[in-house]
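Chemist:
Number of protein chains: 2
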Amino acid sequence: MKFAAVDVRQAASAADLVYEALRKAIIEGKIAVGDNLRQEEIAQMFNTSRIPVREALSRLEQHGLITTQRYKGAVVAGLSIEEIDEIFEFRALIEAEVMRLAVPNLDRATLDNARGYCDAFDRETDPHRWGEINRQFHTTLYEASGRPYYLQNVQSSLDRIDRYLRAQLTFTNGVPRAGREHEAILAACEKGDAELASHLTRDHILDAGRSLMTFLRDQRG
Amino acid sequence: MKFAAVDVRQAASAADLVYEALRKAIIEGKIAVGDNLRQEEIAQMFNTSRIPVREALSRLEQHGLITTQRYKGAVVAGLSIEEIDEIFEFRALIEAEVMRLAVPNLDRATLDNARGYCDAFDRETDPHRWGEINRQFHTTLYEASGRPYYLQNVQSSLDRIDRYLRAQLTFTNGVPRAGREHEAILAACEKGDAELASHLTRDHILDAGRSLMTFLRDQRG
DNA sequence: ATATTGTATATTGGATCCAATTTTTCTATA
DNA sequence: TATAGAAAAATTGGATCCAATATACAATAT
Numbered sequence: 001m002k003f004a005a006v007d008v009r010q011a012a013s014a015a016d017l018v019y020e021a022l023r024k025a026i027i028e029g030k031i032a033v034g035d036n037l038r039q040e041e042i043a044q045m046f047n048t049s050r051i052p053v054r055e056a057l058s059r060l061e062q063h064g065l066i067t068t069q070r071y072k073g074a075v076v077a078g079l080s081i082e083e084i085d086e087i088f089e090f091r092a093l094i095e096a097e098v099m100r101l102a103v104p105n106l107d108r109a110t111l112d113n114a115r116g117y118c119d120a121f122d123r124e125t126d127p128h129r130w131g132e133i134n135r136q137f138h139t140t141l142y143e144a145s146g147r148p149y150y151l152q153n154v155q156s157s158l159d160r161i162d163r164y165l166r167a168q169l170t171f172t173n174g175v176p177r178a179g180r181e182h183e184a185i186l187a188a189c190e191k192g193d194a195e196l197a198s199h200l201t202r203d204h205i206l207d208a209g210r211s212l213m214t215f216l217r218d219q220r221g
Numbered sequence: 222m223k224f225a226a227v228d229v230r231q232a233a234s235a236a237d238l239v240y241e242a243l244r245k246a247i248i249e250g251k252i253a254v255g256d257n258l259r260q261e262e263i264a265q266m267f268n269t270s271r272i273p274v275r276e277a278l279s280r281l282e283q284h285g286l287i288t289t290q291r292y293k294g295a296v297v298a299g300l301s302i303e304e305i306d307e308i309f310e311f312r313a314l315i316e317a318e319v320m321r322l323a324v325p326n327l328d329r330a331t332l333d334n335a336r337g338y339c340d341a342f343d344r345e346t347d348p349h350r351w352g353e354i355n356r357q358f359h360t361t362l363y364e365a366s367g368r369p370y371y372l373q374n375v376q377s378s379l380d381r382i383d384r385y386l387r388a389q390l391t392f393t394n395g396v397p398r399a400g401r402e403h404e405a406i407l408a409a410c411e412k413g414d415a416e417l418a419s420h421l422t423r424d425h426i427l428d429a430g431r432s433l434m435t436f437l438r439d440q441r442g
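As they're listed, the protein sequences go chains A and B. If you use this note's numbering, the first sequence corresponds to residues 1 to 221, in order. If you use this note's numbering, the second sequence corresponds to residues 222 to 442, in order.
#1: Could you tell me the alpha carbon to alpha carbon distance between Glu-345(B) and Cys-410(B), rounded to whole angstroms?
#2: Of the choices Asp-35(A), Ala-109(A), Met-45(A), Gly-34(A), whose alpha-carbon is the least far from that of Ala-21(A)?
#3: For chain B, is any of its Cβ atoms less than 8 Å away from the one on Arg-147(A)?
#4: Does the Cβ of Thr-361(B) have 16 or more other Cβ atoms within 10 Å, making it buried, or fewer, making it exposed?
#5: Assess, as a yes-or-no matter, whether the segment 315 to 329 of chain B is touched by the segment 44 to 58 of chain A under the definition of 3 or more beta carbon pairs within less than 8 Å.
#6: Excluding five sequence neighbours on each side, which residues of the same chain lie with their C-beta closer than 7 Å to the C-beta of Ser-378(B)?
#7: To which residues of the same chain is Phe-171(A) closer than 7 Å at the C-beta, ignoring the five residues directly before and after it?
#8: Let me know the beta strand (DSSP E) ranges lying completely inside the segment 109 to 155 of chain A, each 3 residues or longer, listed in chain order.
#9: With distances taken Cα to Cα, identify the nearest neighbour of Arg-275(B) among Gln-260(B), Thr-289(B), Leu-286(B), Ile-287(B).
#10: Establish whether the CB of Glu-86(A) and some CB of chain B are separated by less than 8 Å.
#11: Report yes if the CB atom of Val-296(B) is closer than 8 Å to the CB atom of Gly-255(B), and no otherwise.
#12: In angstroms with no decimal places, state the Cα-to-Cα distance between Glu-61(A) and Pro-52(A).
#13: So with CB distances below 9 Å, who are the chain A contacts of Glu-304(B)?
#14: Can you grab the Cα-Cα spacing for the pair Gln-69(A) / Ile-26(A), in whole Å?
#15: So, at 7 Å on beta carbons, what are the nonlocal neighbours of Ala-454(B) in its own chain, with the 5 sequence-adjacent residues on each side left out?
#16: Skipping 5 residues on each side, what residues in its chain have a beta carbon closer than 6 Å to that of Ser-366(B)?
#17: So, with DSSP's three-state summary, where would you put Ala-208(A)?
#18: Per DSSP, which residues does Asn-257(B) bridge with? Please list them.
#19: Is Leu-93(A) close to chain B? Criterion is C-beta to C-beta, closer than 8 Å.
#20: How far does the beta strand (DSSP E) with Asn-66(A) in it extend, from its first residue to its last?
#21: Taking only beta-carbon positions, decide if Arg-384(B) is within less than 8 Å of chain A.
#22: For Gly-179(A), I'd like the list of residues in its chain whose CB is within less than 7 Å of its CB, leaving aside the five on either flank, ordered along the chain.
#23: Measuring alpha carbon to alpha carbon, tell me which of Gly-250(B), Ala-236(B), Ala-232(B), Asp-237(B) ends up nearest Asp-380(B).
#24: Using beta carbons (cut-off 8 Å, strictly below), is Glu-276(B) in contact with chain A?
#25: Going by beta carbon distance, what residues of the same chain come within less than 7 Å of Ser-279(B), once the five residues before and after it are set aside?
#26: Which class does Glu-28(A) belong to by DSSP, given the choice of helix, strand or coil?
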């Protein structure tokens, strides 16, 4: 055995690339709700055939990001107020628990990373970046929970409402408030107070949810 | 307009049929963990081509029921003890909450249905049916919560561990105990005691989890 | 002018074909 | 006999082709 181990990561298939690109575009709101996703068009964008595109669309549907109708095609899925409300409630439940489980495992490096994202969030002026940094702040802490299945479900929920969360941050002046709440959560983590960090996380999510609800009710009538 | 409206439900595509059939076979344990799923073989079983099969496999992978490697194919995914443990913990969290939310909405018909499944569970002698009835008993109650997103996540978690749950019921003499716990949960529902029903549900799941853990640790060494 | 029906076009679903890669088998050699 | 390497077979990934269905549009009748 003379050779260093090589990282033989799985090469990505065409379907993987298309899936990831579409997923990103949808959760960032680059493609609007209701927009039609035509297979041939997407295939040409990626210089491939419709087969990998169809696989990607099928996966997106499983994750609730698009809806499809036989022979009619796929459209980006929107969420009703009730659905958004439910997902925020769900997130509050799970993420509070994940936070509680994470606190005892937090080490210096993780806390420093979280601090970095926390500061970056406050400093950021580009609205498009807020959602991204906010998400990284939370997941950095959550990962310490050592609960991959919980994490998967958190990511999946976030994918569904990320677009709306960004709207909340951008249009409802939610950023300063979110920044303060991040500080409080991080302080609880530093103190090792799992119960407090958990409750603050829950409130943080429910606050954002309520703020978004009133914004959407205003907007949609 | 002389004719009654007809329910023109979406006809299922070949991919849908293959997906559902494979999903059922996997969660019921008809296909063993590690078994290879060859596309051509499955295609012939369903009198179709490999294209719909590939779509079905792609969806199954998204749900964690199989793992695939490029150019190597798909195998039924097993769970480590740690993963099973985590999923039981996750279920306890979510299902307890769903139960709490359901109780205020339970009506006579739903309670009667649940009673039916509860009795059927106790009367059933075929081990293969226990898992199925157990699942129906719980979901019948959960549906009253009016939380489709929670429900989806519950179903997804159950899909992952259903095989192991059946093993627990069959091999660890868990049926009489589960039966008694069902009775207690149903009684709490009848009384309208959401808090009690929630706690009993949590304990019911954690009990089954612990029982399964010791069984698996014995078995796997 | 409007509604309705027939037709052309576009789009999706599925089958077949070819390319890329892995797995198996065979063979030569030590 | 065991083993390394090459050839063959099997398997998956992707492209192209055809069939099924939906949409757009024009022609017709009222």
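Backbone N, C-alpha and C define an ideal beta-carbon position, used for all residues, glycine too.
Modeler: For this structure:
#1: Straight-line Cα distance between these residues: approximately 23 Å.
#2: Minimum Cα distance to Ala-21(A) is reached at Met-45(A).
#3: yes
#4: buried
#5: no
#6: If you ignore the 5 residues before and after Ser-378(B), its C-beta comes within less than 7 Å of the C-beta of Ile-308, Phe-311, Arg-312, all in its own chain and listed in chain order.
#7: Phe-215
#8: If we require 3 residues or more, the segment 109 to 155 of chain A turns out to have no beta strand (DSSP E) run fully inside it.
#9: Of Gln-260(B), Thr-289(B), Leu-286(B), Ile-287(B), the smallest CA-CA separation from Arg-275(B) is found for Gln-260(B).
#10: yes
#11: Going by C-beta atoms, Val-296(B) is nearer than 8 Å to Gly-255(B).
#12: 14 Å
#13: Pro-148, Tyr-149
#14: Going by the C-alpha atoms only, they are around 18 Å apart.
#15: Any question about residue 454(B) goes unanswered here, given that chain B covers just 222 to 442.
#16: Sequence-distant Cβ neighbours of Ser-366(B) in its own chain, meaning closer than 6 Å and more than five residues away, are Val-319, Leu-322, Ala-323.
#17: helix
#18: Beta-bridge pairing links Asn-257(B) to Val-296(B).
#19: Cβ-Cβ to chain B under 8 Å: yes for Leu-93(A).
#20: Checking the sequence, you will find Ile at residue 66(A) rather than Asn. The continuous beta strand (DSSP E) containing Ile-66(A) extends over residues 66 to 69.
#21: no
#22: Phe-121, Asp-122
#23: Gly-250(B)
#24: yes
#25: none
#26: coil
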